[in-house]
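Engineer:
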Amino acid sequence: MPRKTHSYLLLLAPIVVLLVILPVLPHFYVFLFCTAYIFGMFALSLDFLMGYGGMPNFGQAVFFGLGAYVVTMAQIWWHVPPILSVIFPYAFVIPLSFALARVSVRGGGIYFALITIIWGDITYRTFFYEWTLGGSDGLRGATTFPLREYYIIILIATVVCYVLIRKIADSQFGMVLRAIRENETRMRFVGCKVENYRMSAFVISSCFATFAGSLYPGLYGGARPELLHWALSTLAVTMVIVGGLGSLVGALIGGFIITFLIEWSTSYLPMGGGYTIAGLILVATLLFMPKGIYPTIKRIWRS
Amino acid sequence: MKDNIILKTIDLSKNFGSLAALDNVNLEFEYGKITSIIGLNGAGKTTLFNVVTGALKATKGKVIFEGNEITDYPPHKIVKLGISRVFQITNIFPELSVYENVLTSFQVSRGLKLSSLFSKLKEMEGVTKILEVLDLLDKKDLLANQLSYGEQRRLEAAIALATNPKLLLMDEPTGGMTPLESAQTMDFVKKIRDTLGLTIVFIEHDMDVVMRNSEHVVVMDKGRIICGGTPQEVSCDGKVREIYLGVTE
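So the sequences go chain by chain: A and B. First residue of the first sequence: 0, per numbering that gives the first Met the number 0; consecutive thereafter. First residue of the second sequence: 0, per numbering that gives the first Met the number 0; consecutive thereafter.
1. With H, G and I counted as helix, E and B as strand and the rest as coil, what does DSSP make of residue 193 of chain B?
2. Using 10 angstroms around the beta-carbon of residue 229 of chain B, count the other beta-carbons present and answer buried if the total reaches 16, otherwise exposed.
3. How would you list, in chain order, the residues of chain A whose beta-carbon sits under 8 Å from the beta-carbon of residue 124 of chain B?
4. Going along chain B in order, which residues have a C-beta closer than 7 Å to the C-beta of residue 192 of chain A?
5. So with CB distances below 8 Å, who are the chain B contacts of residue 205 of chain A?
6. Does the distance from the CB of residue 235 of chain A to the CB of residue 45 of chain A come in under 7 Å?
7. Check the Cβ of residue 302 of chain A against every Cβ in chain B and list those closer than 7 Å, keeping chain order.
8. Indicate the three-state DSSP secondary structure (helix, strand or coil) for residue 226 of chain B in the structure shown.
9. Which of the residues in the segment 161–191 of chain A, read from start to end, lie with their CB under 8 Å from any CB of chain B?
10. Would you mind giving the Cβ-Cβ distance between residue 234 of chain B and residue 210 of chain B, rounded to the nearest angstrom? I have them listed as a contact below 8 Å.
11. Hey, quick one: how far does the beta strand (DSSP E) through residue 59 of chain B stretch, first residue to last?
12. Whose CA, out of A:202, A:278, A:161, lies closest to the CA of residue 56 of chain A?
13. Could you confirm whether any beta carbon from chain A is found closer than 7 Å to the beta carbon of residue 78 of chain B?
14. For residue 193 of chain B, count neighbouring Cβ atoms within 10 angstroms of its own Cβ and tell me buried if that reaches 16, exposed if not.
15. With a threshold of 7 Å between beta carbons, is residue 115 of chain B in contact with chain A?
16. Can you tell me where the beta strand (DSSP E) holding residue 20 of chain B begins and where it ends?
17. For residue 195 of chain A, does the three-state DSSP call read helix, strand or coil?
18. I'd like to check one pair, residue 96 of chain B with residue 26 of chain B: are the Cβ atoms closer than 7 Å?
19. With the cut-off set at 7 Å, would you say residue 35 of chain B and residue 201 of chain B are in Cβ contact?
20. According to the neighbour-count rule (16 or more other Cβ atoms, all chains shown, within 10 Å of its Cβ), is residue 191 of chain B buried or exposed?
21. Can you list the residues of chain A that residue 90 of chain B reaches, using a CB-CB cut of under 8 Å?
22. Tell me, which residues are paired with residue 166 of chain B by DSSP?
23. Could you spell out where the beta strand (DSSP E) holding residue 10 of chain B opens and where it closes?
24. Expressed to the nearest angstrom, what Euclidean distance is found between the alpha-carbon atoms of residue 278 of chain A and residue 95 of chain A?
25. Does residue 222 of chain A come out as helix, strand or coil in the three-state DSSP assignment?
26. Are the beta-carbon atoms belonging to residue 174 of chain A and residue 103 of chain B less than 7 Å from one another?
27. According to DSSP, what are the bridge partners of residue 215 of chain B?
28. Between residue 151 of chain B and chain A, is the shortest Cβ-Cβ distance under 7 Å, so that the two count as touching?
29. For a minimum of 4 consecutive residues, which ranges assigned as the alpha helix (DSSP H) are wholly contained in the segment 57–115 of chain A?
30. Along the chain, which unbroken stretches of the alpha helix (DSSP H) at least 4 residues long are found entirely within the segment 72–134 of chain B?
31. Give me the Cα-Cα distance between residue 167 of chain B and residue 187 of chain A, rounded to the nearest whole angstrom.
32. Could you compute how far the alpha carbon of residue 54 of chain A sits from the alpha carbon of residue 109 of chain A?
33. Which word fits residue 303 of chain A, buried or exposed, when buried means at least 16 other C-beta atoms lie within 10 angstroms of its C-beta?
34. Identify whether residue 285 of chain A lies in helix, strand or coil by the three-state DSSP scheme.
35. Do residue 77 of chain B and residue 60 of chain B have their C-beta atoms within less than 7 Å of each other?
36. Which whole-angstrom value describes the C-beta separation of residue 176 of chain A and residue 52 of chain A, a residue pair presumed to lie in contact below a C-beta threshold of 8 Å?
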């Protein structure tokens, strides 16, 4: 079976199952699935950048958080209808991601990672201490949707997100990104201006992260500064590595596993314990399935 | 300037601190010829390639390609003008297929449009032709890291050729090869020149390979050009025999 068909089926099978059981799922689980889809999409955006572009962005949460904040702002400050409000974040995110990409992608490797942590932290602190943006409480008052209907919307959004990212990753542009990740020097010596491709990948990835973030207020009713924090970016990195770097389906799987585990751990562990669990899962994955869950399952299945 | 000169360096120098890796190098390479550059380790051969291809900035002097100065241009611009390079250490995309290795180079060097974001990978005649010339067509679906060392060297040459160069710089194309593999590789080099009409400059340590395959030889020592000419002329030069071959008159 072709690789693409295989991964589409793997994505579709659980979706069909989840749609079938939706009417009987308790309210809490529907909510949890919605959260998992949103964070799965967020992880997907990062997997494109990390897995294909070789850029570990520890500031990816900035775009996720801005998606959530700007949608909330558009609704409560500018009285934009909820459906239209999801368009607004891109007016901020596209220029910002271009600017950040220009300063970040030149360094590459560890420098890129460090720069992204720094601007992630600056953004978080700005929102945390700025009272007009709700300060440490964040912004509340965005419209929330009826849960089961919203579940279907998020599910469709996740599928669309996956298909688009998969298409870009399998395109000529995606091949160039993989080649840059494999051997940057060689790419420069075949006439490639590496920075331009990296910047494009960065902006594309940040738009998808923003899209995931823009769905958050419809579920939680607002945005909070923690959504911009580099700790959330680190969590997304964990999701991607646990699921399988560069596999895209793996990012969704990782997003689901980590979201569920964190939610589960809040009942049994003190605050922040979820991050410890995520860290332990990451260590276990690196020890026993270094390529991640999805590629390992795929390999076992094929053999 | 003579019309048949494709690349020329004028007083080209490159210093690393107090060390002069290139010291007022004046060279001319003719269209369509196979030229080899020889010299002991540290003679400045690879540095010369690095400065010409934009990997290093020149401390002084000029690089003229087809009559235009290209000194200190970035590598991607130099490639688009028509200079391509094969590295000393094999430089390929190990996790891409053989076909994708060459296709990437083919497409990037010609410029990708915005539509490439959603366009699928497709077969290209030019890529197939290059793989055929380098005898890699039957391995096009293998991952590059599954090829033998000799095949990987040929693949790197294919990547370089896919940029549609006029001048191909090869840094020790037969390094680490058995005599048989060396002979095969040099046959490919000649085939490339004859089929595609390129100018080829290669760095080589193996004197047998140099003497058999070059039409012109340049000898470097401590960053300077000490001699240049046909293989016969160079092999008879007393200075070369003394410095490079260790023979005193």
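We put the beta carbon where it would ideally sit given N, CA and C, even for glycine.
Structural biologist: Based on what the coordinates show:
1. Residue state for residue 193 of chain B is assigned as helix, using DSSP reduced to three classes.
2. Exposed, since its Cβ has fewer than 16 Cβ neighbours within 10 Å.
3. Result: empty, since nearest Cβ-Cβ is about 16 Å, beyond 8 Å.
4. For a Cβ distance threshold of 7 Å, residue set 75 of chain B lies close to residue 192 of chain A, ordered along the chain.
5. Result: empty, since nearest Cβ-Cβ is about 15 Å, beyond 8 Å.
6. Here residue 235 of chain A is near residue 45 of chain A, since their CB atoms are less than 7 Å apart.
7. Neighbours of residue 302 of chain A in chain B, taken as residues whose beta carbon is under 7 Å from its own, are absent, since the nearest beta carbon is some 18 Å off.
8. For residue 226 of chain B, the secondary structure class from DSSP, reduced to helix, strand or coil, is strand.
9. From the segment 161–191 of chain A, only 166, 167, 169, 170, 171, 172, 174, 175, 177, 178, 181, 182, 184, 185, 186, 187, 188, 189, 190, 191 have a Cβ closer than 8 Å to chain B.
10. Indeed, because the Cβ distance is near 7 Å, the residues count as touching under 8 Å.
11. Segment 59–64, the beta strand (DSSP E) holding residue 59 of chain B.
12. Relative to the Cα of residue 56 of chain A, the nearest Cα in the group A:202, A:278, A:161 belongs to A:202.
13. Taking CB atoms only, residue 78 of chain B has a neighbour in chain A less than 7 Å away.
14. Exposed, since its Cβ has fewer than 16 Cβ neighbours within 10 Å.
15. For residue 115 of chain B, the answer is yes, since a Cβ of chain A falls inside 7 Å of its Cβ.
16. 18–29 is the span of the beta strand (DSSP E), which, as asked, contains residue 20 of chain B.
17. Assignment of residue 195 of chain A by DSSP, reduced to helix, strand and coil, places it in the helix class.
18. No, they are not a contact pair.
19. Yes; because the gap between Cβ atoms is below 7 Å, this pair is in contact.
20. With 16 or more other Cβ atoms within 10 Å, it is buried.
21. Within 8 Å Cβ-Cβ: 182, 184, 185, 188.
22. DSSP output for residue 166 of chain B lists B:82, B:198 as bridge partner(s).
23. Per DSSP, residue 10 of chain B belongs to the beta strand (DSSP E) from 4–15.
24. Rounded to the nearest angstrom, the gap between the Cα atoms of residue 278 of chain A and residue 95 of chain A is 30 Å.
25. Assigned with DSSP and collapsed to three states, residue 222 of chain A falls in strand.
26. The Cβ-Cβ distance between residue 174 of chain A and residue 103 of chain B falls below 7 Å.
27. The partner list for residue 215 of chain B (beta bridge, DSSP) reads B:34.
28. With 7 Å as the cut-off, residue 151 of chain B does not count as an interface residue toward chain A.
29. Taking only runs of at least 4 residues, the alpha helix (DSSP H) segments lying wholly in the segment 57–115 of chain A are 59–75, 81–84, 88–103.
30. Listed in chain order, they are 74–80, 97–109, 124–132.
31. Straight-line spacing of the CA atoms in residue 167 of chain B and residue 187 of chain A works out to 16 Å.
32. If you take the alpha carbons of residue 54 of chain A and residue 109 of chain A, they lie about 9 Å apart.
33. Only positions 0 to 302 of chain A appear in the structure, and residue 303 of chain A is not among them; the question remains open.
34. In this structure, DSSP gives residue 285 of chain A a helical state, which the three-state scheme calls helix.
35. The answer is no: Cβ separation not under 7 Å.
36. With a Cβ gap of about 5 Å, residue 176 of chain A and residue 52 of chain A count as contacting.
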